[in-house]
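Its first residue numbered 7, the sequence shown is counted upward by one per residue in our numbering.
Heads up, the beta-carbon is just placed ideally off N, CA and C, and yes, glycines get one too.
One structure below.
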Amino acid sequence: SDLNPRLAMGIGADGFVAGASESAGFGIVGTVSHNGIRVIAALSGLASDRERSEEARKLLDWGSRSFQKTEIFAKDEVVGEAQVFGGAKSGVALKAKGPVDIFLPIANRDKLT
Numbered sequence: 007s008d009l010n011p012r013l014a015m016g017i018g019a020d021g022f023v024a025g026a027s028e029s030a031g032f033g034i035v036g037t038v039s040h041n042g043i044r045v046i047a048a049l050s051g052l053a054s055d056r057e058r059s060e061e062a063r064k065l066l067d068w069g070s071r072s073f074q075k076t077e078i079f080a081k082d083e084v085v086g087e088a089q090v091f092g093g094a095k096s097g098v099a100l101k102a103k104g105p106v107d108i109f110l111p112i113a114n115r116d117k118l119t
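Laid out in structure tokens, this is it:
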């Protein structure tokens, strides 16, 4: 693998591997953790080492700054019901074993439902 130290500078990348081949061009898989969010990016088919570094930096930076962790269900919150056939009750509550989080875009959150 061809590690590129320029990638880690400025964005806090904590893991990456980079390489190049005639058929696939320059490629990279990189990871960064920011505010509790782990972002993994994989890029291939880039024309140069410089383009690989720049595009990976932009993608990892965008991914780590553009989303916010949002809890949609709290621990033990009822999230649905399962039907029971032949039981004492016709259904049982389905509860979240722990908090359930999703990552939502920070921009245009008011348009999400």
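Inset, instruction - Measuring alpha carbon to alpha carbon, tell me which of 110, 21 and 116 ends up nearest residue 71. - result: The count along the sequence shown starts at 1 and reaches residue 71 at position 65. Distance from the Cα of residue 71 is smallest, within the candidate group 110, 21 and 116, for 110.
Inset, instruction - Buried or exposed for residue 8, please, with buried defined as at least 16 other CB atoms from any protein chain shown within 10 angstroms of its CB. - result: Translated into the one-based positions of the sequence shown, residue 8 becomes position 2. Low confidence applies here, because residue 8 scores a pLDDT of 46, under 50, leaving its location unreliable and the question unanswered by this model.
Inset, instruction - Check whether the Cβ atoms of residue 53 and residue 32 lie closer than 8 Å to each other. - result: Stepping through the sequence shown from its first residue, residue 53 is reached at position 47. Stepping through the sequence shown from its first residue, residue 32 is reached at position 26. Contact flag set, yes.
Inset, instruction - Closer than 7 Å by C-beta to residue 88: which residues in its own chain qualify, once you throw out the five before and the five after it? Chain order, please. - result: Taking the sequence shown and counting its residues from 1, one reaches residue 88 at position 82. These residues qualify, in order along the chain: 97, 98 and 100.
Inset, instruction - Go to residue 28, then tell me how far its beta strand (DSSP E) extends in each direction, as first and last residue. - result: Counted from its first residue, the sequence shown places residue 28 at position 22. Secondary structure note for residue 28: it is in no beta strand (DSSP E), with a DSSP letter that is neither H nor E.
Inset, instruction - Would you kindly work out how many angstroms separate the C-alpha atoms of residue 75 and residue 86, rounded to a whole number? - result: Position 69 of the sequence shown holds residue 75. Position 80 of the sequence shown holds residue 86. So the two alpha carbons sit approximately 22 Å from each other.
Inset, instruction - Figure out for me which residue from 68, 103 and 93 has the closest Cα to the Cα of residue 84. - result: Locating residue 84 in the sequence shown gives position 78, counting from the first residue. Checking every option, the nearest Cα to that of residue 84 belongs to 103.
Legend entry - First and last residue of the uninterrupted alpha helix (DSSP H) at residue 62: For the purposes of this step, residue 62 is identified with residue 56 of the sequence shown, where counting begins at 1. That run of the alpha helix (DSSP H) goes 55-71.
Legend entry - Other residues of its chain near residue 50: CB distance less than 7 Å, five sequence neighbours each side excluded: The residue you call residue 50 lines up with position 44 of the sequence shown. The beta carbon of residue 50 is closer than 7 Å to those of 30, 31 and 33 in its chain, skipping five residues each way along the sequence.
Inset, instruction - Name the residue from 26, 27 and 44 whose alpha carbon lies nearest to the alpha carbon of residue 65. - result: The residue you call residue 65 lines up with position 59 of the sequence shown. Checking every option, the nearest Cα to that of residue 65 belongs to 44.
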